[in-house]
Amino acid sequence: MLKKYKTIYLDYAATTPVDAQVLDVMGPYFNEEYANPSSLHSLGLRAKSALDDAREKVASVLNCQKDEIIFTSSGTEADNLALKGMAEVYDYKGHIIVSAIEHAAVLETARYLEKIGVDITYVDVDEYGSVNPKDVMSAVRDNTFLVSIMYANNEIGTIQPISEIGKHLQKKGILMHTDAVQAPGLLCLDVNKLHVDMMSLSAHKFYGPKGVGALYVRRGVEIVPQMHGGGQERKLRSATENVAGIVGFAEALCLSDAHRKSEAHRLSELRDYLIHEIRKAIPEAKLTGHPEYRIANNVSFCFSKIEGESLVMRLSECGFCVSSGSACSSGDLGASHVLTACGLSKKVAQGSVRVSLGKYTNKKDLQSFVQALAQEVNKR
Ligand code: PLP
39 MLKKYKTIYL DYAATTPVDA QVLDVMGPYF NEEYANPSSL HSLGLRAKSA LDDAREKVAS
99 VLNCQKDEII FTSSGTEADN LALKGMAEVY DYKGHIIVSA IEHAAVLETA RYLEKIGVDI
159 TYVDVDEYGS VNPKDVMSAV RDNTFLVSIM YANNEIGTIQ PISEIGKHLQ KKGILMHTDA
219 VQAPGLLCLD VNKLHVDMMS LSAHKFYGPK GVGALYVRRG VEIVPQMHGG GQERKLRSAT
279 ENVAGIVGFA EALCLSDAHR KSEAHRLSEL RDYLIHEIRK AIPEAKLTGH PEYRIANNVS
339 FCFSKIEGES LVMRLSECGF CVSSGSACSS GDLGASHVLT ACGLSKKVAQ GSVRVSLGKY
399 TNKKDLQSFV QALAQEVNKR
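Residue numbers for the sequence shown follow my numbering, beginning at 39 and rising by one.
Here it is, written out as structure tokens:
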């Protein structure tokens, strides 16, 4: 008989709830300050000013200029704009380097560009999912115009040496993009310390609303817009701005960055506790991702006796919301490209579970989770 717990959410890498303060500041932009920021009347000017303030706040967290921020509809759109926007500058000729474990938003965009003429190198990772800067640099060719490496992996939490890679590339005059969607609230977002020229973000991963993202583009870096229309966002992303969403994005980013150090510390202690307890309760559990260079909220394991998706469903019946790393598309159970890139067999990779912690996670909930997990896995 399954023990049923209250619902405990441990899937913060998938999305987060909107923070109450964020919701509060967004509220008026739905029904009081609802004007189009391109309108010339007083209400329009107020909406425009709200956009300006939001951009300023985001720029302060990224340590960049206001006009270097382009708001988009999502992290996916920001990634698409970065890669496609730059590839078009080069007439879809030349060479891009990405890592083999990028999120689909980068990987599928790279595959699309490959089909229309761009050369793509997919740099391998080691068993922990780390990209070696030397591998990136030795993949560089005369016609390489962009390198895109994610900051922290969404499945296994491995943090990449972005700053080191960025520094090497800067010396060679090659541009660097990072998908930093998993980083806010946990890692430093200073684009100058990171030596990146473009960076993607998405509000729903840091207690902001869904459907709003941003792409940082360093001044002087040229990209071609991929959305044509009214010329908003410095002509780089047409469409009436999602004012409420953008205001929420900025508030959420500032809040999460203000608490970043203390929250990263608290979560990394909980993360290490959970890893320790899972290993104790289930000796054959295999930790995936880097043991040290790991984002503070990620715990991911493979279990040999059970398939990840069915484990996720069983745990859900007990009240726990977690994810499986294995992609399930069109009904086929596939192994995660991230885990196979780390050298795991498809069979082992299919037993993967990702637990991601957040603002409302506490030790007691993790204790209950380990009990339920051990009960499910050990009975096989
Ligand atoms: N990149 C990474 C690393 C992600 O984890 C995600 C979302 O899961 C995305 C990009 C896509 O972001 P969005 O959901 O805003 O499109």
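For every residue, glycine included, the Cβ atom is placed at its ideal position computed from N, Cα and C.
Quick one: grab the DSSP three-state call for residue i.
i	result
Cys380	coil
Gly25	Here the chain covers residues 39 to 418 and nothing more, so residue 25 does not appear.
Met214	strand
Asp157	strand
Ser137	strand
Thr326	coil
Asp49	strand
Val219	coil
Cys226	coil
Arg392	strand
Phe341	coil
Asn336	strand
Ser112	coil
Phe244	coil
Met64	helix
Thr196	strand
Val419	Residue 419 is absent from the model: the chain starts at 39 and stops at 418.
Leu291	helix
Ile107	strand
Ala319	helix
Nearest to residue i by CA position, among the options, is which residue?
i	options	result
Ile316	Cys340, His303 and Glu301	Cys340
Ala138	Val127, Asp90 and Val185	Val185
Glu202	Val178, Lys172 and Ile134	Lys172
Asp157	Asp164, Ala148 and Val163	Ala148
Val178	Ile134, Ala252, Val96 and Asn335	Ile134
Glu115	Met265, Leu213, Leu48 and Glu301	Met265
Val99	Gln270, Leu232 and Lys205	Leu232
Ala334	Ile107, Ser362, Phe358 and Gly396	Gly396
Pro263	Lys41, Ile108 and Gly372	Ile108
Val169	Phe407, Thr182 and Tyr189	Tyr189
Glu289	Ala120, Leu145 and Glu94	Glu94
Leu293	Asn191, Ala143 and Gly246	Gly246
Val255	Gly132, Asp57, His215 and Thr45	His215
Lys122	Val144, Lys104, Gln103 and Glu140	Val144
Ala120	Ala277, Phe183, Val161 and Ser361	Phe183
Cys356	Cys380, Ala410, Ile313 and Ser394	Ala410
Ile197	Lys209, Ala218, His206 and Tyr50	Ala218
Gln208	Val174, Phe407 and Ala373	Val174
Cys102	Arg272, Leu253 and Val161	Leu253
Leu161	Leu213, Asp403 and Cys380	It is Val, not Leu, that sits at residue 161 in the sequence shown. Considering only alpha carbons, the answer is Cys380.
Leu312	Ser342, Pro329, Ser300 and Arg298	Pro329
Met64	Ile46, Ser176, Thr45 and Ala92	Ala92
Pro66	Glu307, Gly268 and Val285	Val285
Lys324	Gly204, Phe358 and Gln388	Gln388
By a C-beta neighbour count over all protein chains shown, 10 Å radius and 16 as the cutoff for buried, is residue i buried or exposed?
i	result
Ile187	buried
Phe68	exposed
Arg309	buried
His79	exposed
Asp33	Any property of residue 33 remains undetermined from this structure, which presents the chain solely from 39 to 418.
Pro222	buried
Asp370	Residue confidence is low: Asp370 scores 49 on pLDDT, short of 50, so the model does not pin down where it sits. Its coordinate-derived value is still stated next. Result: exposed.
Gln59	exposed
Ser368	At Ser368 the pLDDT is 40, less than 50, meaning the model places this residue with poor confidence and gives no usable figure here.
Ile154	exposed
Gly211	exposed
Ile351	Before going on, a small fix: residue 351 reads as Met here, not Ile. Its Cβ having fewer than 16 others within 10 Å, Met351 is exposed.
Gly283	buried
Measuring only the C-alpha atoms, how far is residue i from residue j?
i	j	result
Met124	Gln405	47 Å
Asp164	Val229	26 Å
Ser87	Asp180	44 Å
Ala302	Val96	20 Å
Asp90	Gly258	21 Å
Asp235	Glu106	10 Å
Phe287	Ala241	5 Å
Glu322	Ser111	42 Å
Ala296	Asp57	14 Å
Tyr72	Tyr150	37 Å
Leu353	Val250	31 Å
Lys384	Tyr130	34 Å
Asn191	Ser76	37 Å
Phe358	Asp403	9 Å
With residue i and residue j assumed to form a contact (beta carbons below 8 Å), what rounded beta-carbon distance in angstroms separates them?
i	j	result
Phe244	Leu291	6 Å
Gly195	Ser338	6 Å
Ile320	Arg418	Actually they are not in contact, since the Cβ atoms of Ile320 and Arg418 sit about 10 Å apart, beyond 8 Å.
Leu85	Val376	Note on residue identity: the sequence assigns Ala, not Leu, to residue 85. Their Cβ separation, rounded to whole angstroms, is 41 Å, which puts Ala85 and Val376 out of contact at 8 Å.
Ser390	Gly346	5 Å
Ile261	Val136	With a Cβ gap of about 17 Å, Ile261 and Val136 do not count as contacting.
Ser394	Leu48	6 Å
Glu414	Leu349	6 Å
Gln270	Ala51	Contact doesn't hold; Cβ gap of about 30 Å is too wide.
Glu70	Arg392	Not confirmed; about 40 Å, so no contact.
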